[in-house]
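**Student:** Structure in structure tokens, see below.
In UniProt numbering, the protein residues as written are 1 to 419.
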């Protein structure tokens, strides 16, 4: 879903904008160490505005498939005569008021603006390329991603390129992030997700969306999302459906290494080791060691999100020990393992108290066990999303049957607008 950009007839634009800096995400170092593969084990059943010169990186990344003398505008006219996904960088400048518009969000790896592009409300993300990209391959991937549709994915409308940056234009979806819905800093005892059906519905939506990303994009290779976390999932109003953000970002920014050639490019960096960013609490153990993202890494992050839905907890928290003065680390994964393995009603004590014990206990316990399978240390022991989506769909049906028997109200709407 991301489209590239062009500006003048014979010269590329010289304007790039550095993203706003904020607290850095966790980073991991890439290494070429191999891991011994283990025989897959069957998982238990779950049935029931500043200017800068155009970078050489930009030139190198595109010249491989664009013949001498051609510019991106001419490429767009010849290769993509009816391609609606390519935005001129001037459209991005105009939409963001030369990037003077107040950012909608900002992180160490991207800056986003909520604006209007081609008379449609959109979110524009500015990201750096992580490595050189082949032009023809990039065009093909962009075209396929922009044509992909799923109700649980925020749609990518197109993209623009300027210098070493890519500007991804996504549809705007009104709502709030799952992280904000679960954890209200101003009122920790309140959540709009106080109904079990709303939580299992969100789990089902995310599972179906991620299964589509992994198995139905039509790109002909292992498609990796690489940005699964509760802050990257929008709970849309009024029906509290979940949509996964940043679909296609990792592929279009060069975050995913497909073969040895990609790894060699990774190593040919000015620094001795290339840093890949990840969010603490969501990074699979093998990703922390190698920096190489796979579908199994997505499944690990999805498992963490399931545990957040069940408990309301953050993935990782730190508190100061009053006696020693040292920091004590609390992980939602560790707390879930203790609750499930401990038995004796440990799961009910661990589940989010704001659900007020109003949920089908057997379904909750099965979902907790499935989430723990997803966060297994060994990626070979994690289930594939094709299986996960079937199990969660079954749990959703069981939850609906439970709600019908208990007379729980499930048909309701919510608005996040201020009063």
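Where is the CB? At the ideal position from N, CA and C, for every residue including glycine.
By alpha-carbon positions, which one of 225, 92 and 185 ends up nearest to residue 161?
**Tutor:** The residue with the shortest Cα to Cα distance from residue 161 is 92.
**Student:** Starting from the Cα of residue 252, find the closest Cα among 119, 367 and 139 and give me that residue.
**Tutor:** Checked all of 119, 367 and 139; the closest Cα to residue 252 is 139.
**Student:** Rank 291, 211, 375 and 388 by C-alpha distance to the C-alpha of residue 332 and give the top, closest one.
**Tutor:** Looking at the Cα atoms, 375 is the closest of the given residues.
**Student:** Using CA atoms only, rank isn't needed, just tell me which of 325, 145, 313 and 295 is closest to residue 185.
**Tutor:** The residue with the shortest Cα to Cα distance from residue 185 is 313.
**Student:** With residue 156 as the anchor, note down where its beta strand (DSSP E) starts and where it stops.
**Tutor:** Taken as a continuous stretch (DSSP letters only), the beta strand (DSSP E) holding residue 156 covers 156-162.
**Student:** Taking buried to mean at least 16 other C-beta atoms within 10 Å of its own C-beta, is residue 404 buried or exposed?
**Tutor:** Classification for residue 404: exposed.
**Student:** On the premise that residue 310 lies in contact with residue 371, defined as a C-beta separation below 8 Å, what is that separation, rounded to the nearest angstrom?
**Tutor:** With a Cβ gap of about 7 Å, residue 371 and residue 310 count as contacting.
**Student:** Let me know the secondary structure DSSP gives residue 123 once reduced to three states.
**Tutor:** Residue 123 falls in the strand class under three-state DSSP.
**Student:** Using the Cβ count rule (16 or more neighbours within 10 Å means buried), how would you classify residue 78?
**Tutor:** Legend: pLDDT at residue 78 = 48, less than 50; position of this residue unreliable, value from coordinates given subsequently. Exposed, since its Cβ has fewer than 16 Cβ neighbours within 10 Å.
**Student:** As a quick exercise: from 150, 378, 187 and 169, pick the residue whose alpha carbon is nearest that of residue 215.
**Tutor:** Nearest option by C-alpha distance: 150.
**Student:** Going by DSSP in three states, residue 323 sits in which element: helix, strand or coil?
**Tutor:** Reduced to three states, the DSSP call for residue 323 is coil.
**Student:** Can you give me the Cβ contacts of residue 116 inside the same chain, cut-off strictly under 8 Å, excluding the 5 residues immediately before and after it?
**Tutor:** Correct list, in chain order: 95 and 122.
**Student:** Let me know the secondary structure DSSP gives residue 330 once reduced to three states.
**Tutor:** In the structure shown, residue 330 sits in a strand (DSSP, three-state: E or B).
**Student:** Smallest Cα separation from residue 165: which of 358, 112 and 398?
**Tutor:** Residue 112 is the option with its Cα nearest to residue 165.
**Student:** Closer than 8 Å is the cut-off here; do at least three beta carbon pairs connect the region 183-202 with the region 122-132?
**Tutor:** These segments do not touch.
**Student:** Using only the alpha-carbon positions, how far apart do residue 67 and residue 137 sit?
**Tutor:** In this predicted model, residue 67 has a pLDDT of only 36, less than 50, meaning its place in the structure is not dependable; the value taken from the coordinates is given anyway. So the alpha carbons of these two residues sit roughly 15 Å apart.
**Student:** Please confirm whether residue 420 and residue 308 have their CB atoms less than 8 Å apart.
**Tutor:** Absent from the structure is residue 420, since the part of the chain shown begins at 1 and ends at 419.
**Student:** According to DSSP, is residue 202 helix, strand or coil?
**Tutor:** Reduced to three states, the DSSP call for residue 202 is helix.
**Student:** Leaving aside the five residues before and after residue 105 along the sequence, list all residues of the same chain whose C-beta is less than 8 Å from its C-beta, in chain order.
**Tutor:** Contacts found: 111 and 112.
**Student:** Taking its Cβ as the centre, do 16 or more other Cβ atoms sit within 10 Å of residue 407, making it buried, or is it exposed?
**Tutor:** With fewer than 16 other Cβ atoms within 10 Å, it is exposed.
**Student:** Quick one: which unbroken beta strand (DSSP E) runs of 3-plus residues sit fully inside the region 221-254? Chain order, please.
**Tutor:** Fully enclosed beta strand (DSSP E) runs of 3 or longer: 233-236 and 241-244.
**Student:** Going by DSSP, what residue range makes up the beta strand (DSSP E) through residue 408?
**Tutor:** Looking at the DSSP string, residue 408 is not in any beta strand (DSSP E), and its letter there is neither H nor E.
**Student:** Which term fits residue 243, buried or exposed, when burial requires 16 or more other beta carbons within 10 angstroms of its beta carbon?
**Tutor:** Classification of residue 243: buried, given that the 10 Å Cβ count is 16 or more.
**Student:** In chain order, what residues of the same chain lie with their CB nearer than 7 Å to the CB of residue 171, ignoring the 5 residues before and after it?
**Tutor:** Contacts found: 122, 154, 155 and 157.
**Student:** Can you give the beta carbon distance from residue 225 to residue 213, rounded, assuming they're within the 8 Å contact cut?
**Tutor:** Correct: roughly 5 Å between the Cβ atoms.
**Student:** Going by C-alpha to C-alpha distance, which of 397, 344, 402 and 294 sits closest to residue 378?
**Tutor:** Closest by alpha carbon: 294.
**Student:** Quick check: the Cα distance between residue 400 and residue 363, rounded to an integer number of angstroms?
**Tutor:** Rounded to the nearest angstrom, the two C-alpha atoms are 11 Å apart.
**Student:** For residue 188, which residues from the same chain have a beta carbon less than 7 Å from its beta carbon, with the 5 sequence-adjacent residues on both sides left out?
**Tutor:** So the list is empty, once near-sequence residues are dropped.
**Student:** Can you tell me which of the three DSSP states residue 403 falls into?
**Tutor:** Residue state, collapsed to three classes: helix.
**Student:** Check each candidate in 211, 177 and 290 and name the one with the smallest Cα separation from residue 236.
**Tutor:** Closest option to residue 236, Cα to Cα, is 177.
**Student:** Is the CB-CB distance between residue 425 and residue 299 below 8 Å?
**Tutor:** Here the chain comprises residues numbered 1 to 419, so residue 425 is not present and cannot be evaluated.
**Student:** Apply the 10 Å Cβ neighbour rule to residue 222 and answer buried if 16 or more other Cβ atoms are within range, or exposed otherwise.
**Tutor:** Looking at its Cβ environment, which holds fewer than 16 other Cβ atoms inside 10 Å, residue 222 is exposed.
**Student:** Pick out the complete beta strand (DSSP E) segments inside the region 315-398, 3 residues or longer, and give them in chain order.
**Tutor:** DSSP runs (the beta strand (DSSP E)) wholly in the region 315-398: 316-320 and 327-331.
**Student:** For residue 190, which residues of its own chain have a beta-carbon under 7 Å away from its beta-carbon, when the five flanking residues on both sides are left out?
**Tutor:** If we look at residue 190 and ignore the five residues flanking it on each side, its Cβ neighbours are 184.
**Student:** What are the boundary residues of the alpha helix (DSSP H) that includes residue 311?
**Tutor:** Note, residue 311: alpha helix (DSSP H), 295-311.
**Student:** Can you check whether the CB of residue 366 is closer than 8 Å to the CB of residue 385?
**Tutor:** Cβ atoms of residue 385 and residue 366: not closer than 8 Å.
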